[in-house]
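**Student:** For the protein sequence lines, the chains are A and B, in the order given. Every number in this note's numbering is 128 more than the matching position in the first sequence, counting from 1. Every number in this note's numbering is 16 more than the matching position in the second sequence, counting from 1. Where is the CB? At the ideal position from N, CA and C, for every residue including glycine. Take this structure, written in structure tokens, and hold onto it; I'll ask about it next.
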Amino acid sequence: MEAHVELREFFDKDAINLDLKGETKDEVLKELIGLLNVDEKSEAILFKMLRRRENLGSTGIGRGIAIPHCRSLVVNRLRVAFGRKANGIDYDAIDNSPVHYFFLIVAPPLEVSNQYLPVLGKVAQFAKEPDVPSRLAAIQTPDEFLALLAEKAV
Amino acid sequence: MHPQLEILLQIQDLKAQRRDLTEVESERKVEEEEFRIDTEQAIRSIDEKIAELEAELTPSVRSRYERISRDRGRAVVPVINGICYGCFVSIPTALASDVRRNDEVRHCDHCGRFIYVMS
């Protein structure tokens, strides 16, 4: 049975960066992983897993949004992060547009609460809302980002 | 972290990814519909990577890995708060302390799975 989830509950202010510096897919992935505050070795393993997932097909789902995701033993619970890159980067997105907004989702291979898939689905649903890209562009603080998630009630 | 343990973790992560695509219908649906990946091709690609990593295991590690995978499914499990998450039996304190640095390839004395201590 899928757990009932609300995205707002999973995002920590410390894991939100509205001014990513990376200029490439790899640099942005590393920056997003850095928001999870795991040790260096775990960061390296997460990077490899996320890169491998991207090699299967870009997680850039269009409209400037990407949802890099993977499962890994190096985390003991579901972890999420959000990053924004004002100028956008080339991410091989399915609509070939630059990606500005990144939702990172990482979960252990086995979860007691089974939250990974519902959260992945919710983020994809959130990303489809017509006004979301423009709203994400306008937010000024992590609190505003969290308020947007709450407002959309996803 | 011991390089062999790092390889084992990567293999286990890839197997989790493969399981999601092959056994979890809803996960496969999300990957195909939202991310438009070709599942069959993705599985082939994951299998190739797993085989590549398995070839990097030393004979003794590979032998245990193959035996445990065959007999118990998951060959690598985390240790959280001193508990092996493969068999849910406490790891002896000395061993739990010893593996804290993950700088050795160790296994649970009870279930035989390779263990990775969460930091």
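Could you tell me which chain A residues have their CB closer than 7 Å to the CB of R52 (chain B), listed as they occur along the chain?
**Tutor:** Mapped onto the second sequence, residue 52 (chain B) falls at position 36. Taking the beta carbon of R52 (chain B) as reference, the chain A residues within 7 Å of it are G185, I222, listed in sequence order.
**Student:** What did DSSP end up calling V90 (chain A) once you bin it into helix, strand or coil?
**Tutor:** Any question about residue 90 (chain A) goes unanswered here, given that chain A covers just 129 to 282.
**Student:** State whether the stretch 118-133 of chain B contacts the stretch 89-103 of chain B, with contact taken as three or more CB pairs (one from each stretch) at a distance under 8 Å.
**Tutor:** The stretch 118-133 of chain B, when compared against the stretch 89-103 of chain B, does touch it at the 8 Å Cβ threshold.
**Student:** Counting only Cβ pairs nearer than 9 Å, list the residues of chain A close to A91 (chain B).
**Tutor:** What you label residue 91 (chain B) is simply residue 75 of the second sequence in a count that begins at 1. Ordered by position in chain A, no residue passes the 9 Å Cβ test against A91 (chain B), which lies about 11 Å from the chain.
**Student:** Taking the Cβ atom as the reference point for each residue, do P258 (chain A) and I193 (chain A) lie within a distance shorter than 8 Å?
**Tutor:** One-based indexing of the first sequence puts residue 258 (chain A) at position 130. One-based indexing of the first sequence puts residue 193 (chain A) at position 65. No, they are not a contact pair.
**Student:** Are the C-beta of Y132 (chain B) and some C-beta of chain A separated by less than 8 Å?
**Tutor:** Working through the second sequence from its first residue, we reach residue 132 (chain B) at position 116. It does: the Cβ of Y132 (chain B) has a partner Cβ on chain A nearer than 8 Å.
**Student:** Can you name the residues that DSSP bridges to V208 (chain A)?
**Tutor:** As a first step, residue 208 (chain A) must be located in the first sequence, where it is residue number 80. Answer is A:I233, bridged to V208 (chain A).
**Student:** What span of residues does the alpha helix (DSSP H) with Y81 (chain B) cover, start to end?
**Tutor:** Against the second sequence, residue 81 (chain B) aligns to sequence position 65. First-last of the alpha helix (DSSP H) with Y81 (chain B): 75-88.
**Student:** As a quick exercise: from A:A278, A:F175, A:A214, pick the residue whose alpha carbon is nearest that of D154 (chain A).
**Tutor:** As a first step, residue 154 (chain A) is located in the first sequence; it is residue number 26 there, counting from the start. Selected option, being the one with the closest Cα: A:F175.
**Student:** For the stretch 58-68 of chain B and the stretch 232-246 of chain A, state whether three or more C-beta atom pairs, one from each stretch, are separated by less than 8 Å.
**Tutor:** no
**Student:** Quick one: list the residues of chain A neighbouring E22 (chain B), beta-carbon separation under 9 Å, in chain order.
**Tutor:** Within the second sequence, residue 22 (chain B) is the residue found at index 6, counting from 1. Near E22 (chain B) (Cβ distances below 9 Å), the residues of chain A are K169, A172, I173.
**Student:** Quick check: the Cα distance between M129 (chain A) and A143 (chain A), rounded to an integer number of angstroms?
**Tutor:** Your numbering for residue 129 (chain A) matches position 1 in the first sequence. Your numbering for residue 143 (chain A) matches position 15 in the first sequence. Model confidence at M129 (chain A) stands at a pLDDT of 47, short of 50, so the residue's coordinates are unreliable and nothing is read from them.
**Student:** Alpha helix (DSSP H) containing F130 (chain B): first to last residue?
**Tutor:** Here residue 130 (chain B) refers to the residue found at position 114 when the second sequence is read from its first residue. Premise fails: F130 (chain B) lies in the beta strand (DSSP E), 130-133, not in any alpha helix (DSSP H).
**Student:** Does the beta carbon of K176 (chain A) come closer than 8 Å to any beta carbon on chain B?
**Tutor:** For the purposes of this step, residue 176 (chain A) is taken as residue 48 along the first sequence, with counting starting at 1. By this cut-off, K176 (chain A) is an interface position.
**Student:** Assuming L232 (chain A) and L160 (chain A) are in contact, meaning their beta carbons sit under 8 Å apart, how far apart are those beta carbons, in whole angstroms?
**Tutor:** Your numbering for residue 232 (chain A) matches position 104 in the first sequence. Your numbering for residue 160 (chain A) matches position 32 in the first sequence. Sure, about 4 Å apart at Cβ, within 8 Å.
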